[in-house]
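Q:
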Amino acid sequence: MSMLHTMAEPRASRSDVAGLFDEHGAELLRYCAGRVGPTVAEDVVADTFLIAHQRRHRLGDGPARAWLYGIATNLLRRHRRSETRGLRALARTGREPDVSDIAERAAARADASAQNRRLAAVLAALPARQRDVLLLHAVAELGYEEIATTLGIPLGSVQSALHRARVKLRAALATEPDADRNAPGGSR
Amino acid sequence: MTDDADLRTVREFHQDRPGPAPASLDRVRRRVQTATAPNAPRRLLPRWAAPAATAAVVAAVVVGVTLLGTAGGGTSQPSDPASSAPTATEDTSELWLKYGARVPVAAVFAELDQVAAGAAPAVPRAGQLLCSYTAVLTRPGPSPVPGSDPAWSGVLARCFEPEGLIEIPAPVLGEVKGQSPEEQLAAARDGFAAAGPGWGYPTAAWLATLPTDPELLLAGFRAGSRGPAEVDDFTRWQQYGRFLTRVDPLLPAAQRAAFHRLLSGLDGLTAVEAFTDSGKRLLAVRLTSGTVSDELLFNPGTGRLAGHVELAGPADPAASGGPGSSPGGEPVPVRQELLGYAFQPASSWASPSATARR
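Protein chains in written order, with the working numbering: chain A, 1 to 188; chain B, 1001 to 1358.
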């Protein structure tokens, strides 16, 4: 009962997606690699641009960068477990879980600082939406309204999610380093 | 302000994490360009499958979603004379797995079990379907006969109700044996209601009750399989492969390990590393019977099944030149399937039958 599916012909030339990739590809790849590791990030970013290509008629004159982050964030949700596992591993061991196929320079920084381990534990424990909002704001530097648009949630939800995430974040950052030694596992 | 100390710390933390490999950006760019090339035939998912686009698009990227011609080893079709695309053979040659070093079979399953031990099977939410997206490549074997299957690539999408793994017929397929899609689904549901969970209608709860002792599991598998209880190892291997493909996302780690022990007990297995075009490492375990080989692909990152490869040959070692030929007389892959699974709302399958009342 299998079937080969057929899709309608795209309407514009591929220069659209090529231009988008030139402009935002590297940045998105870096963002995704920081979240789910370099291997999975390639899949996520490739999918992001293919979906963007298929849905480019929806973009109009809107901001492409935030739109792409929105697509990537939706795709990253499928890797939520592995992302959380990676953060927990980092919090627990101080070592990045996915350094097998990156340049040697990464090995030198694989041993995370105590602060990074605390951060990893906090991020691992954050609910999905809070983590998305926090990273889109802090790393991708999207504004509240951009995040609301890209995630399809109300502005107030963005603000409350960010507030809650930052409260936890600040609490963790205020923790004395020595306190970590007794709680290396991070939050589950 | 994103320059606040806490946000800056998050940003620096993110920057400290492993970044993409040096060739990563070029690799992704090539994948995107290939899949969006204007002269690439469009055989992607229809709108009604769009909500499950991730798995499908992954598959589409992998296979390049190109329907290949049959003649001339799969060159561009005559209907596209203006095409400046590479020949279809060039288009897809990179998409076939690249095989690496041999690996002891026991080490493969030990590695898979170790990885899978920490993972719980996915749990679908109410109203979700389990959908599989299979990226398929085929090509003629070493000795293709006239009228044999053409070389092509594409994405096969199927959706199932998690309870009983009842397939939801795609509406465009229309009637089968005089039954509409709705009637087909109703008949399958009736069958499940009558038979209950079991080998024919697996459920997550039932899978979790399967014995983890390989002997007991084998006894159950024999009893639940159609056909004779005693079959040759190659047939059993294929049966295991089909069953694992069907239940993979719902299979608990302990039962998966028991199946691995059953698999590893078959005679004649060999294993090698295999790499996708994006460099992802898989483990390929192969069993050969005569001139036919059957290979199961496993993901060492998750311990789960990742695909399936059929190989043909070796043909006459003196023969050469065909797309499936191998100068060393090694069997060559003629069909490659890479699996992806996703849970998605029944409504997104857009089949009237998928949301039909029971």
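Glycine residues also receive a C-beta, built at the ideal position from the N, C-alpha and C atoms.
Any beta-carbon of chain A closer than 8 Å to the one on B:Gly1241?
A: Along the second sequence, read from residue 1 onward, the residue named residue 1241 of chain B stands at position 241. No, because no Cβ of chain A sits closer than 8 Å to the Cβ of B:Gly1241.
Q: Note down, in chain order, each residue of its chain lying with its Cβ closer than 8 Å to the Cβ of A:Gln159, except the 5 sequence neighbours on either side.
A: Within the first sequence, the letter at position 159 stands for residue 159 of chain A. Within the same chain, A:Gln159 has close Cβ partners Tyr144.
Q: In or out: B:Ala1205 buried (at least 16 other Cβ within 10 Å) or exposed?
A: In the second sequence, the residue the question calls residue 1205 of chain B occupies position 205. Exposed.
Q: Determine whether the beta carbon atoms of B:Leu1338 and B:Ala1312 lie at a separation below 8 Å.
A: As a first step, residue 1338 of chain B is located in the second sequence; it is residue number 338 there, counting from the start. As a first step, residue 1312 of chain B is located in the second sequence; it is residue number 312 there, counting from the start. The answer is no: Cβ separation not under 8 Å.
Q: From A:Asn74 to B:Pro1018, what does the alpha carbon distance come to, in whole angstroms?
A: As a first step, residue 74 of chain A is located in the first sequence; it is residue number 74 there, counting from the start. As a first step, residue 1018 of chain B is located in the second sequence; it is residue number 18 there, counting from the start. Each residue's alpha carbon lies about 21 Å from the other.
Q: Looking at the unbroken beta strand (DSSP E) that takes in B:Val1309, where does it start and where does it end?
A: Numbered from 1 along the second sequence, position 309 holds the residue referred to as residue 1309 of chain B. From DSSP, the beta strand (DSSP E) with B:Val1309 extends over Leu1305 to Ala1312.
Q: Establish whether the CB of A:Glu42 and some CB of chain B are separated by less than 8 Å.
A: Counting from one through the first sequence, the residue named residue 42 of chain A turns up at place 42. Yes, contact with chain B.
Q: Quick one: list the residues of chain B neighbouring A:Pro38, beta-carbon separation under 9 Å, in chain order.
A: Counting from 1 along the first sequence, the entry for residue 38 of chain A is found at position 38. Those within 9 Å of A:Pro38 in chain B are Pro1018, Gly1019, Pro1020, Ala1021 and Ser1024.
Q: B:Gly1340 bridges to which residues according to DSSP?
A: Indexing the second sequence from 1 puts residue 1340 of chain B at position 340. According to DSSP, which records beta bridges pairwise, B:Gly1340 is partnered with B:Tyr1133.
Q: Using a C-beta to C-beta distance shorter than 7 Å, which residues of chain B count as neighbours of A:Val166?
A: In the first sequence, the residue the question calls residue 166 of chain A occupies position 166. Reading the sequence as shown, one finds Arg at residue 166 of chain A and not Val. Going along chain B in sequence order, the residues near A:Arg166 (Cβ under 7 Å) are Asp1006.
Q: Residues of the region 69–81 of chain A in Cβ contact with chain B at a cutoff of 7 Å, in chain order, please.
A: Listed in sequence order: Leu75 and Arg78.
Q: So if I threshold CB-CB distances at 8 Å, which residues from the region 1269–1286 of chain B count as touching chain A?
A: Taking 8 Å as the Cβ-Cβ cut-off against chain A, the residues of the region 1269–1286 of chain B that qualify are Ser1278, Gly1279 and Lys1280.
Q: Is B:Ala1188 helix, strand or coil when you go by DSSP?
A: Looking up residue 1188 of chain B in the second sequence gives position 188. Here B:Ala1188 sits in helix by DSSP.
Q: Taking C-beta to C-beta, are B:Glu1192 and B:Gly1224 nearer than 8 Å?
A: The residue you call residue 1192 of chain B lines up with position 192 of the second sequence. The residue you call residue 1224 of chain B lines up with position 224 of the second sequence. The sequence shown places Phe at residue 1192 of chain B, not Glu. No. Outside cutoff.
Q: Taking Cβ to Cβ, would you say B:His1308 is nearer than 8 Å to B:Asp1113?
A: For the purposes of this step, residue 1308 of chain B is identified with residue 308 of the second sequence, where counting begins at 1. For the purposes of this step, residue 1113 of chain B is identified with residue 113 of the second sequence, where counting begins at 1. Their beta carbons are not under 8 Å apart, which means B:His1308 does not touch B:Asp1113 by this criterion.
Q: Where does B:Pro1249 sit, in a helix, a strand or coil, going by DSSP?
A: As a position in the second sequence, residue 1249 of chain B is number 249, starting the count at 1. Reduced to three states, the DSSP call for B:Pro1249 is helix.
Q: Can A:Tyr31 and A:Leu142 be called in contact, C-beta distance under 8 Å?
A: Counting from 1 along the first sequence, the entry for residue 31 of chain A is found at position 31. Counting from 1 along the first sequence, the entry for residue 142 of chain A is found at position 142. No, Cβ-Cβ distance for A:Tyr31 and A:Leu142 is not below 8 Å.
Q: Per DSSP, A:Thr48 is paired with what?
A: If you number the first sequence from 1, residue 48 of chain A lands on position 48. Answer by DSSP bridge pairing: none, since A:Thr48 is not bridged.
Q: Alpha carbon to alpha carbon, what distance is there between B:Ala1271 and B:Tyr969?
A: One cannot answer for residue 969 of chain B here, as it falls past the ends of chain B, which runs 1001 to 1358.
Q: Within 8 Å, do at least three Cβ pairs link the region 75–89 of chain A to the region 115–133 of chain A?
A: Yes, since at least three Cβ pairs between the region 115–133 of chain A and the region 75–89 of chain A fall closer than 8 Å, the two stretches touch.
Q: Mark B:Thr1209 as exposed unless 16 or more other C-beta atoms lie within 10 angstroms of its C-beta, in which case mark it buried.
A: Mapped onto the second sequence, residue 1209 of chain B falls at position 209. B:Thr1209 is exposed by the Cβ-count criterion.
Q: For B:Leu1130, count the other beta carbons within 10 Å of its own beta carbon; 16 or more makes it buried, fewer makes it exposed. Which is it?
A: Sequence index remark: in the second sequence, residue 1130 of chain B carries index 130 (1-based). Buried, since its Cβ has 16 or more Cβ neighbours within 10 Å.
Q: Is there a Cβ from chain B that is less than 8 Å from the Cβ of A:Val133?
A: For the purposes of this step, residue 133 of chain A is identified with residue 133 of the first sequence, where counting begins at 1. Chain B, which has no Cβ nearer than 8 Å to the Cβ of A:Val133, makes this no.
Q: Please list, in chain order, the residues of the region 16–33 of chain A that have any C-beta partner in chain B closer than 8 Å.
A: Those residues of the region 16–33 of chain A that come within reach of chain B (Cβ to Cβ, closer than 8 Å) are Val17, Ala18, Phe21, Gly25, Ala26, Leu29, Arg30, Tyr31 and Ala33.
Q: Quick one: is A:His151 near chain B, going by C-beta distance under 8 Å?
A: Here residue 151 of chain A is taken as the residue at index 151 of the first sequence, counted from 1. Note on residue identity: the sequence assigns Leu, not His, to residue 151 of chain A. By this cut-off, A:Leu151 is not an interface position.
Q: First and last residue of the alpha helix (DSSP H) that includes A:Lys168?
A: Counting from one through the first sequence, the residue named residue 168 of chain A turns up at place 168. Residues Leu155 to Leu173.
Q: Can you pull the chain B neighbours of A:Leu173, defined as C-beta to C-beta under 7 Å?
A: The residue you call residue 173 of chain A lines up with position 173 of the first sequence. Chain B residues near A:Leu173: Asp1006 and Thr1009.
Q: Which residues mark the beginning and the end of the alpha helix (DSSP H) in which B:Trp1372 is found?
A: Because chain B spans 1001 through 1358 in this model, residue 1372 of chain B falls outside it and cannot be assessed.
Q: Exposed or buried, what is B:Val1063 when buried is set at 16 or more other beta-carbons lying within 10 Å of its beta-carbon?
A: Your numbering for residue 1063 of chain B matches position 63 in the second sequence. Residue placement at B:Val1063 is flagged as unreliable, the pLDDT there being 29, under the threshold of 50; the coordinate-derived value follows with that caveat. That one is buried.
Q: Less than 8 Å between the beta carbons of B:Glu1310 and B:Arg1286, yes or no?
A: Indexing the second sequence from 1 puts residue 1310 of chain B at position 310. Indexing the second sequence from 1 puts residue 1286 of chain B at position 286. Going by C-beta atoms, B:Glu1310 is not nearer than 8 Å to B:Arg1286.
Q: Which class does B:Ser1293 belong to by DSSP, given the choice of helix, strand or coil?
A: Start at 1 with the first residue of the second sequence, and residue 1293 of chain B comes out as number 293. B:Ser1293: strand per DSSP, three-state reduction.
Q: For a contact meaning CB atoms closer than 8 Å, what does A:Leu119 contact in chain B?
A: Walking along the first sequence from the start, residue 119 of chain A turns up at place 119. Result: Thr1009, Val1010 and Phe1013.
Q: Give a yes or no on whether the minimum CB-CB distance between B:Arg1189 and chain A is below 8 Å.
A: By 1-based counting over the second sequence, the position of residue 1189 of chain B is 189. It does not; no Cβ of chain A falls within 8 Å.
Q: Which residues in chain A have a C-beta closer than 7 Å to the C-beta of B:Ala1035? List them in chain order.
A: Within the second sequence, residue 1035 of chain B is the residue found at index 35, counting from 1. Within chain A, the residues near B:Ala1035 are Leu50.
Q: Do A:Leu162 and B:Val1028 have their C-beta atoms within less than 8 Å of each other?
A: Locating residue 162 of chain A in the first sequence gives position 162, counting from the first residue. Locating residue 1028 of chain B in the second sequence gives position 28, counting from the first residue. No, Cβ-Cβ distance for A:Leu162 and B:Val1028 is not below 8 Å.
Q: Based on Cα-Cα distance, which residue from B:Tyr1201, B:Phe1221 and B:Leu1207 lies nearest to B:Gln1255?
A: Walking along the second sequence from the start, residue 1255 of chain B turns up at place 255. The residue with the shortest Cα to Cα distance from B:Gln1255 is B:Leu1207.
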